[in-house]
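Positions 34 to 109 (this note's numbering) are the ones given, in order, by the sequence shown. All residues carry an ideal CB built from backbone N, CA and C; glycine is no exception. Every value quoted in this text rests on a predicted model; they were computed, and no experiment measured them. The structure under discussion appears below in the form of structure tokens.
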Amino acid sequence: MHLKSEICRAQEALQLDLATNDPLESRRKIAAAAAKAWGLEAINAEKREAGHLDPLDQLDADITNEFAEEAEAERH
Numbered sequence: 034m035h036l037k038s039e040i041c042r043a044q045e046a047l048q049l050d051l052a053t054n055d056p057l058e059s060r061r062k063i064a065a066a067a068a069k070a071w072g073l074e075a076i077n078a079e080k081r082e083a084g085h086l087d088p089l090d091q092l093d094a095d096i097t098n099e100f101a102e103e104a105e106a107e108r109h
């Protein structure tokens, strides 16, 4: 399952806020790392939403289609 870019960006913003405002340094560091990860996932989601599939996404689609075709053939 892929997340939408808007969810990723919202989580990135939340984590950036925590990285800035949390009273504990250890949680600020964790939040900063989480914000970076959410930002990277947002970039990937934006690419997917723009129609740019990476090779693994295309492979997943091909495998899914193959399973669907096999299931259809078994029904007949």
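Which value, in whole angstroms, describes the spacing of the CA atoms of residue i and residue j?
i: Glu-79; j: Lys-37; result: 8 Å
i: Arg-42; j: Gly-72; result: 7 Å
i: Lys-62; j: Ala-94; result: 37 Å
i: Ser-59; j: Ala-101; result: 48 Å
i: Ala-83; j: Asn-77; result: 10 Å
i: Gln-44; j: Ala-106; result: 43 Å
i: Glu-74; j: Ala-66; result: 13 Å
i: Ile-96; j: Glu-103; result: 11 Å
i: Ile-40; j: Ala-70; result: 13 Å
i: Ala-46; j: Leu-92; result: 32 Å
Shortest alpha-carbon distance to residue i belongs to which of the options?
i: His-35; options: Lys-69, Arg-81, Gln-44, Leu-51; result: Arg-81
i: Leu-49; options: Ala-64, Leu-57, Pro-56; result: Ala-64
i: Leu-51; options: Glu-39, Ala-68, Ile-96; result: Ala-68
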